[in-house]
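Q: After the structure tokens below, expect a handful of questions from me.
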Amino acid sequence: MNMKIIRILALGALTIICGCSNPGIVQVSPDTYLLAREAHGGIFQSAAKMKADVIKDANEFAAKQGKVAVPISAKEKPMGSGPAQWASFEYQFRVVDKDDPSNTRTQVVHNPNVRIDKIDQDTVGIKTKAQKYEELLVLDKLRKSGIITEEEFEREKRELLNKS
């Protein structure tokens with residue numbers, strides 16, 4: 001009797017985990033759609049299969065209308081290590097006619113968690129007056145404590161002041 005109850009509870013838990021619904025295909029604009037899924041199966045569900053299923057469903061959705069799905073962006077999140085941190089995949093796509101020019105070449109935009117800042121080469125190494133003053137104070141402290149000689153101090157000071 002005990003084993004029967006355990007089996008029923010296990011089956012119920014599995015049904016709840018697998019039965020969690022995803023929103024399905026959501027229209028964002030007249031020709032743009034969003035399809036998002038979460039893998040509620042945890043380590044027992046493949047994130048790669050979930051991703052492939054999302055793209056397959058988007059293509060089938062477009063095919064039912066006699067059109068094609070053109071990817072716009074994809075965003076995936078791996079499963080976390082804590083409770084309810086499911087793996088997820090979000091796919092945004094446009095539905096266009098088969099002969100639409102945007103169908104010939106597509107580029108999916110990924111949303112990385114990396115930020116790249118451009119530093120102009122013209123400004124690298126140029127010090128402000130305040131920075132030069134701070135460096136002079138450090139050099140003076142090194143000279144007074146005997147770590148560098150008077151000649152080394154004067155040479156470093158000239159180099160620092162002659163830099164633009």
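Quick note: the sequence shown uses full-length UniProt numbering, first residue 1, plus one each step. The beta-carbon is built from N, C-alpha and C at its ideal position, and this holds for glycine as well. Fair warning: this is a prediction, and the values are worked out from it, not measured in the lab.
Is the beta carbon of Ile72 less than 7 angstroms from the beta carbon of Arg94?
A: Yes, these two residues count as a Cβ contact at 7 angstroms.
Q: Quick one: is Ala69 buried, meaning 16 or more other Cβ sit within 10 Å of its Cβ, or exposed?
A: Under this definition Ala69 is a buried residue.
Q: What are the boundary residues of the alpha helix (DSSP H) that includes Lys129?
A: Segment Lys129 to Lys144, the alpha helix (DSSP H) holding Lys129.
Q: Among the candidates Arg143, Leu160 and Ile148, whose CA atom is the shortest distance from the CA of Ala130?
A: Looking at the Cα atoms, Leu160 is the closest of the given residues.
Q: Tell me whether Ser46 sits in a helix, a strand or coil according to DSSP, three-state version.
A: Coil.
Q: Once DSSP output is grouped into helix, strand and coil, what is the label at Ile72?
A: Of the three classes helix, strand and coil, the one that applies to Ile72 here is strand, per DSSP.
Q: Give the C-beta separation of Met50 and Ala39 to the nearest angstrom, bearing in mind that I take them to be a contact with Cβ-Cβ under 8 angstroms.
A: With a Cβ gap of about 5 angstroms, Met50 and Ala39 count as contacting.
Q: Tell me which residues share the same chain as Lys127 and place their Cβ nearer than 7 angstroms to its Cβ, disregarding the 5 neighbours each side in the sequence.
A: Cβ neighbours of Lys127 beyond the five flanking positions: Lys163.
Q: Rounded to the nearest angstrom, what separates Gln65 and Lys98 at their Cα positions?
A: Those two C-alpha atoms are separated by around 11 angstroms.
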